[in-house]
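According to the UniProt record's numbering, the sequence shown is numbered sequentially starting from 1.
In this text, a Cβ means the ideal position worked out from N, Cα and C, and glycines have one as well.
Everything numeric in this text was worked out from a predicted model, so none of it was measured.
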Amino acid sequence: MRTPPDPKQTLFDFDPDPKLEALIEARAAAKAEAQAFQWRFRLVTIETMMLGFLVGAAGIALQKPPFLIFRAAVMVAAGCFASGILLIGMTGAADRSAKWLRNWWNRR
């Protein structure tokens with residue numbers, strides 16, 4: 001059984017400081033945004049390699065000439081990488097535009 005708290009003991013006020021909370025949230029958001037870009041880039045790179053290897057494996061399975069396999073795998077991988085990087089860039093631009101629009105709308 002628990003003993004009742006001592007009436008002479010002071011109670012702590014755990015209400016956080018709003019300025020400190022805002023600072024912590026801003027730093028966490030900046031770190032999360034940087035990590036999100038890194039993870040997106042990693043995913044694009046992994047998908048690029050997977051598609052290149054899949055095209056290479058398909059060419060080997062179909063017994064095509066090695067140069068033809070290599071050329072097709074590189075072309076597919078380059079297209080995948082370019083479209084992935086373009087998508088990352090467009091996502092970032094849309095995010096910045098949405099933030100700007102939200103700030104503009106709130107200032108009106």
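| task | Would you mind sorting VAL55 into buried or exposed? The rule is 16 or more other CB atoms within 10 Å of its CB. | result | What you label residue 55 is simply residue 55 of the sequence shown in a count that begins at 1. Result: buried.
| field | Assigned secondary structure, ARG108 (DSSP; H/G/I helix, E/B strand, else coil) | value | Numbered from its first residue, the sequence shown carries residue 108 at position 108. ARG108 falls in the coil class under three-state DSSP.
| field | residue 109 (DSSP reduced to helix, strand or coil) | value | With the chain covering 1 to 108 only, the question about residue 109 has no answer from this structure.
| message | Quick check on DSSP: helix, strand or coil for ASP95? | response | In the sequence shown, the residue the question calls residue 95 occupies position 95. Three-state DSSP puts ASP95 in a helix.
| Helix, strand or coil: how does DSSP classify PRO5 here? | Within the sequence shown, numbered from 1, the residue matching residue 5 stands at position 5. Looking at PRO5 - three-state DSSP - the assignment turns out to be coil, as it is neither helix nor strand.
| field | Among GLU33, PHE67, TRP39, VAL76, the one whose alpha carbon lies nearest that of PHE53 | value | For this step, residue 53 is matched to residue 53 along the sequence shown. For the residues GLU33, PHE67, TRP39, VAL76, the minimum Cα distance to PHE53 belongs to VAL76.
| field | Selected residue, minimal CA-CA separation from PHE70, among ALA57, ALA82, LEU86 | value | Here residue 70 is taken as the residue at index 70 of the sequence shown, counted from 1. Among ALA57, ALA82, LEU86, the Cα nearest to that of PHE70 is on ALA57.
| ILE88 to ASP6, Cα distance in whole Å? | Start at 1 with the first residue of the sequence shown, and residue 88 comes out as number 88. Start at 1 with the first residue of the sequence shown, and residue 6 comes out as number 6. Their backbone Cα atoms lie some 58 Å apart in a straight line.
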